Each structure stands twice: as structure tokens, then as C-alpha cells.
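Written out below as C-alpha cells is the structure these notes cover.
In our numbering, the protein residues as written are 20 to 339.
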């Protein structure tokens, strides 16, 4: 008997593969940026967002070193509102930040414009300008502490030799002298960051714009006013934001040089928070002082945001 082979009709068209939502996320170009930012986001949440949230929570408790504490609401903030030392540190912080940031910007902008010109040994000069920013903050603070020593200050010694003063200047013992001394140290350290960053921004300005302006008979001030400054505005916004943030939260320079003295004249909010929370053991009060810094820092971030929006306008894009 011959074998009978029955063949079932075959369907040449295979069933379509059903794309899952996970596969669409992996292949969607709109999600590409998310996947690249995910590791950085996890890092920020773990090391920034969590400590920030924990600090805000501690500011509403009476936590002490060695015990967690209980929820007390806004009691810590009410105590700080009536604390004259806290308001003195707010004044010191605003004075320190505003004066140092303005002077750092002025000197940094001048150095950036100078280094953008054709100068001999320009590469060496740029390297020298970076030295104050490269040196560790603690070493810079110790060096200024020696310079401002009430007995062995090289500044006082030089002025006495020039017969400009008759006695040594008490740089760190007098409240206002101490304030100006730490501001000077911060300016010395922060100018290179502003100068080099603005110099990088100047390198992006097309030379053809200056050539056209020169042909039209413009003066150097007009070229700066109508070409350099408008095109440099976004960079200035970002640089000043970081400068204000670094200055407002400065800790090492102040703590090494004066530890907040004399009579709290150089205490900033950062150093005062450390003194209350770690040195005195009042974690709740220290966390409240740190939390009170957030509104000021948000204002600085908003400056950067509006600067970036201006950059979109300069490039012909919509702000929407």
C-alpha cells in the first residue's frame, strides 16, 4: 500500500511580532536622553536629594547628637527668628557674597578681555592666572592666615618699613578688618574661575563681527557694549550663578582663617550651621540654618535660568 502523505495547508505569512511597551521605550529616540541621564539622576538622588530631604526633616525635630529627636514643627525656625547671632550671620553672608561676587566678576571680566588679546607668552599667563583656583582651599586659607597674622604679618611689616603705619594691623582681630580680609581671600581664589570661563565664552565670538564694527568706525567701548557683552550674557549668567553659589556656601576658607570670629563677625550661614549642629550637638537647629539657605540659592539658580532663556532669544529660537 502506497503511503499517503497528507500535507496541511501552510500559511506562509507568519504571525506579526507584538512590540511590547519596554521595547518601544528602548527604541524611541525621545527616550534616548532619559537613558543617558539615568545614571546621573540616580547619583543625584542618592547623594544630593536624600541628604537634602533628611536635612529638611531634621530641621523640624529636636534631634541631638546621639539621639534622633522628636517632631517639634517650626520651633527651630522660631528660635532662629529671635536669635541675633543668626541674623548677624545672614548679614555677613549677604555682605560676603555680594561684595566678593561683584569684584570677582569685574576683575575676571577684565582679565578675560586682556587674555583674549594677542599677548606674548599668553599660554604661560593663562596658566599663572589659574594657580589660585588650583591650590587647595585649605592651603590658601592657611597662607592668608599667615599673611594676616597680627604679629608676623608680612603686610604689616612692609607697611611699617615704608613708614605708612606705626603699629601692626589687627587683620583678624577687629570685626570689620576680619570681614574685609576673608572677602579679599575669597576674591583671590575665585577670580581665576570667572576669568577662564569668560575667556572660553569670548573665544566663541566670531572675529568677523568685530571686523565689521571696526569698518563702521566703532570705538572699543561700542564693540564691547553692542557685540561682546550681549553675546557673553548667557555665559555671564551661568558663571555668576556658580560664583554666587560657591561664595554663599563657602565654609573651608572661613573656618580655617577665623572659625567665625571675632565675636561672630565672619560667621557665614554655612559655618554657623556647622557650629550649631556638629560642635554644639544641636542637629535640628543646624539643619534649620542650612534649610534657611535654600531660598537664597534658588534665587541664584533662577538667574541662570533666565540667562539661558536669553541665549535662546539670541539664537533666534522661541522661548516657548
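Beta carbons: idealized from backbone N, C-alpha and C, even for Gly. Just so it is clear, the structure is predicted and the values come from calculations on it, not from any experiment.
Return the chain-ordered list of same chain residues with a C-beta closer than 8 Å to the C-beta of residue i, the five sequence neighbours on each side being excluded.
i           : result
residue 90  : 79 and 80
residue 75  : 306 and 310
residue 196 : 188, 189 and 190
residue 88  : 77, 80, 81, 82, 302 and 303
residue 295 : 301, 304, 305 and 308
residue 93  : 79
residue 99  : 105, 304, 307, 308 and 311
What are the boundary residues of the alpha helix (DSSP H) that residue i is part of?
i           : result
residue 157 : 156–166
residue 173 : 173–180
residue 246 : No alpha helix (DSSP H) holds residue 246; DSSP gives it neither H nor E.
residue 98  : 94–100
residue 309 : 302–310
residue 111 : 103–134
residue 290 : 288–293
residue 58  : 51–63
residue 144 : 141–153
residue 271 : 271–276
residue 84  : Note, residue 84: premise wrong, no alpha helix (DSSP H); not H, not E.
residue 169 : Residue 169 -> no alpha helix (DSSP H), and no H or E assigned at all.
residue 72  : 69–77
What whole-angstrom Cβ distance do residue i and residue j have, given they're in contact under 8 Å?
i           : j           : result
residue 125 : residue 194 : Incorrect: roughly 26 Å between the Cβ atoms, too far for contact.
residue 202 : residue 258 : About 19 Å separates the two Cβ atoms, so there is no contact after all.
residue 83  : residue 159 : Residue 83 to residue 159, Cβ: 34 Å. No contact.
residue 221 : residue 135 : 5 Å
residue 266 : residue 39  : Not quite, the Cβ-Cβ distance comes to about 51 Å (not below 8 Å), so this is no contact.
residue 163 : residue 276 : 6 Å
residue 198 : residue 114 : 7 Å
residue 172 : residue 166 : 6 Å
residue 232 : residue 242 : 5 Å
residue 246 : residue 229 : 7 Å
residue 130 : residue 210 : 7 Å
residue 279 : residue 290 : 5 Å
residue 340 : residue 161 : With the chain running from 20 to 339 in the structure shown, residue 340 is simply not present.
For residue i, which residues from the same chain have a beta carbon less than 6 Å from its beta carbon, with the 5 sequence-adjacent residues on both sides left out?
i           : result
residue 112 : 287 and 288
residue 293 : none
residue 56  : none
residue 319 : 260, 263 and 264
residue 282 : none
residue 137 : none
residue 31  : Caution is warranted here: a pLDDT of 49 is assigned to residue 31, below 50, making its placement in the model unreliable, and the coordinate value is therefore given only provisionally. Closer than 6 Å at Cβ, skipping near neighbours: no residue.
residue 120 : 262, 263 and 266
Going by beta carbon distance, what residues of the same chain come within less than 7 Å of residue i, once the five residues before and after it are set aside?
i           : result
residue 213 : 123, 124, 127, 258 and 262
residue 315 : 267
residue 25  : Caution is warranted here: a pLDDT of 47 is assigned to residue 25, below 50, making its placement in the model unreliable, and the coordinate value is therefore given only provisionally. Around residue 25: no qualifying Cβ.
residue 322 : 256, 259 and 260
residue 97  : none
I want to know whether the stretch 149–158 touches the stretch 266–276 - three or more CB-CB distances under 8 Å.
yes
Given 8 Å as the limit, is there contact between the stretch 175–190 and the stretch 96–108, that is, 3 or more CB pairs closer than that?
Taking a cut-off of 8 Å on C-beta distances, the stretch 175–190 does not touch the stretch 96–108, as fewer than three cross pairs fall below it.
Does the stretch 221–236 come close enough to the stretch 140–148 that 3 or more CB-CB pairs lie under 8 Å?
As far as the Cβ criterion goes, the stretch 140–148 does not touch the stretch 221–236, which means the pair count is below three.
Ignoring anything shorter than 4 residues, give me the alpha helix (DSSP H) runs that lie fully in the stretch 181–252, in order along the chain.
As far as the stretch 181–252 is concerned, its whole alpha helix (DSSP H) runs of at least 4 residues are 194–221, 226–234 and 239–242.
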